Structures are given as structure tokens and as C-alpha cells.
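Below is one structure, written out as C-alpha cells, with a few remarks after it.
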Amino acid sequence: MLQSWRKPAKLFSDFNTLQFACVMSLVVFVVLLTVLTFGAPTCGGMSADLPKVLHPVSMRGADREDAMIVNITRDGKVYFAVDQVNPADLPQKIADRLKDHDVERKVYIKADMRARWGAVKPVLDAVRSAGLMRVAFLVDERSATAFHM
Amino acid sequence: MAFSMAGGGSSGPQINVTPLIDVLLTLIIMFMLVVAMDPEYGEKAQIPQPNTDRKEDVTQPRTVVIEVMWTAKDQAPTVKVNQQDVSWTDLEERLARIYISRVEKVAFVRGDADVDFQYVASVIDLAHHAGVQRVGLMTQDQKVAGE
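So the sequence lines, in the order shown, correspond to chains A and B.
So the first sequence is residues -15 to 133, counted in the numbering used here.
So the second sequence is residues 90 to 236, counted in the numbering used here.
This is the structure in C-alpha cells:
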């Protein structure tokens, strides 16, 4: 009995790479599907068909978690981050955010390229009412060959 | 009657998963890098605050106002620089000529309500590339000083 207990057990230290490969494959597919379905994660929590311009500048501030981003959809709906708002309520919401002194005093506007300028104007007025001057429009870069008006 | 097979191990084919895992890890890292390094692009602009002290600045030079005027549905709007029609292809060159000798590189952009935002964004972009440092957005139909 004792002798059989002392018998060295079968080595059980193998790494089961097949299961690991299965998990990795699953992770890759999930990431791939997420990116393909929803696109790359967008700042402001919403994706939009942004205007395409030739010479945009980098907007690192828009990537900050506390960036104030106003989304304007094609049909003129206005969202402060992901919450739909009335432009008339926007000054108060911006003012609330500005109580945090670390917040950049700039509003990033992410408007759909086919949104009417008349839908953007109330947002600009609201930003002005909140006491801010600086805005930035988020855009996409396009190649020079694709520029036609 | 007993018989034995040579070699006690399994003789079935086995997939070599090590290179597969290498490839998968590389794919994951590439996805993460592509997503993380996708930068945001934008166009800076400013919203002029209303003049509170009511003092007219008589020495202000003639202000440059770029207007984007709606024409018809599904047609590109017309663009004017200080009331003069300019084609879209000539806009940047025209602005560059204006601002090459100016010290104060400020322009104002005014657009019709029905104009697509794409066109206003293009005007801001071309103005910046032509040398305008600050673009003011006019949301109301008021005149600016010097216009």
C-alpha cells in the first residue's frame, strides 16, 4: 500500500495550449467583430459621419475622458456626450461641467457632415452663453485627390 | 493471444498550436495598437463674444467675412469673400493673397441655415490652410466691425 503511494505520479505540468488557442481565437473574433460592427471606439460615445477636410489638425484633447463633446446628428438632434439635450439646456450643462477646474475650457463639436448649419448655430450660441469662446469641430482627413466641390 | 502495439503514445496527428498562438497574440496587439493610435482630427474655431462696452473701434481694418450661401438642393453652395463671389477652387488662393500681408489673421465665417455642415467645415479648413490663425463663427445675422 505504502509502496504504491510512493510511486511517482504521472507528470501533470503540461500547458494545455489547445484550450489556450481556443480562448485566444475567441478573443480575436470578439475584438474583430466589435471593431467591424461598431467601428473604432469614438470619443463622445457616438459615431458620426464626420466632415472630410484636407488639412485637419490633431485634437488630442478630444480623447480625454473629461472632454466636453457635443454630438449633432444628421437630423439635427443634439447630444451632450451620449445624453440627448435641448440646445437651450446646454449652457447649464456646460456650466456644471466647468465647475471641475481640470476640465478643458473648450467644447468639441462632432457634427454629421450632412447636418444643417442651422442645427449647429444653436449649439454655438449655447456655448457662447456658457461663457466659452473656443470650440473645435471634429473632422476626418481626406486625401487631396478626393477633393471636389 | 495478447498483442501489443509498438510505442505507447497516441499516434494521431496533432496540430502545432504554438505558432497559432503567436499569430493570434500578434493580431490582438495589432488591433489594440490600431484602435489606440487612431487620433482625432479637428478644426479650431472661436465664437466671438458680444461687445459689452459698446465702444466702436473706428480704427479697425476691413474685416474679412466668408459667407457660405445656399443655392439649391443637392448643389454646392456659393461662397463669397467680403460680398464677392469666389469659386471653391480659388478660395484658398484668394484668402492666401489677402492674408499674406496682414498682421491680424482673423476671418469670420457666416453660413446660411440650410447649408450642409460639410461646406462650412471645408471653409474653415481652407481658411486655416491659407494662413488664417483665428476663425470666428457668426451665428447671427449681425455685422462685424469693419465689415
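Just so it is clear, CB atoms sit at the ideal spot from N, CA and C, and this is done for glycine as well.
It should be emphasised that the depicted structure is a prediction, and the values quoted were computed from it without experimental measurement.
Closer than 8 Å to chain A by CB, residue i
i	result
residue 197 of chain B	no
residue 217 of chain B	yes
residue 116 of chain B	yes
residue 169 of chain B	no
residue 106 of chain B	yes
residue 202 of chain B	yes
residue 138 of chain B	yes
Secondary structure of residue i, DSSP reduced to three states
i	result
residue 221 of chain B	coil
residue 135 of chain B	strand
residue 162 of chain B	coil
residue 118 of chain B	helix
residue 189 of chain B	coil
residue 147 of chain B	The predicted position of residue 147 of chain B is uncertain, since its pLDDT is 46 and thus under 50; a value taken from the coordinates is nonetheless stated next. Three-state result, residue 147 of chain B: coil.
residue 103 of chain A	helix
residue 109 of chain B	helix
residue 216 of chain B	helix
residue 116 of chain A	coil
residue 88 of chain A	coil
residue 228 of chain B	coil
residue 199 of chain B	strand
residue 8 of chain A	helix
residue 155 of chain B	strand
residue 182 of chain B	helix
residue 77 of chain A	helix
Same chain, Cβ closer than 6 Å to residue i, five either side skipped, listed in chain order
i	result
residue 137 of chain B	225
residue 77 of chain A	64
residue 108 of chain B	none
Partners in chain B for residue i, counting only beta-carbon separations shorter than 9 Å
i	result
residue 35 of chain A	132, 205, 206, 207, 208, 209, 210, 211 and 214
residue 92 of chain A	129 and 131
residue 15 of chain A	116, 117, 120, 121 and 124
residue 19 of chain A	120, 123 and 124
Chain-ordered chain A contacts of residue i [CB-CB under 7 Å]
i	result
residue 110 of chain B	1, 4, 5 and 8
residue 173 of chain B	In chain order: nothing, as chain A lies at least about 17 Å away.
Chain B residues whose Cβ lies nearer than 7 Å to that of residue i
i	result
residue 39 of chain A	214, 217 and 218
residue 43 of chain A	129, 130 and 131
residue 95 of chain A	206
Spatial neighbours of residue i in its chain, beta-carbon cut-off 8 Å, leaving aside the 5 residues before and after
i	result
residue 210 of chain B	132
residue 103 of chain B	none
residue 119 of chain A	90, 91, 92, 93, 108 and 111
residue 189 of chain B	220
Any chain E beta carbon closer than 8 Å to residue i
i	result
residue 46 of chain A	Structure shown: chain E not included; protein chains present are A and B.
Residues that residue i contacts on chain B, provided the C-beta gap is smaller than 8 Å
i	result
residue 12 of chain A	113, 116, 117 and 120
Cross-chain neighbours of residue i in chain A, by beta carbon under 9 Å
i	result
residue 226 of chain B	104, 105, 108 and 119
Contacts of residue i in chain A (Cβ-Cβ under 8 Å)
i	result
residue 135 of chain B	117, 118 and 119
Any non-hydrogen atom of the ligand ZN within 7 Å of residue i CB
i	result
residue 181 of chain B	Looking at this structure, you won't find the ligand ZN or any other ligand, since it has none at all.
Exercise for the section: With 7 Å as the C-beta to C-beta threshold (strictly closer), list the residues of the stretch 99 to 124 of chain A near chain B in chain order. Expected result: 99, 100, 101, 102, 104, 105, 108, 109, 111, 112, 117, 118, 119, 120, 121, 122, 123 and 124
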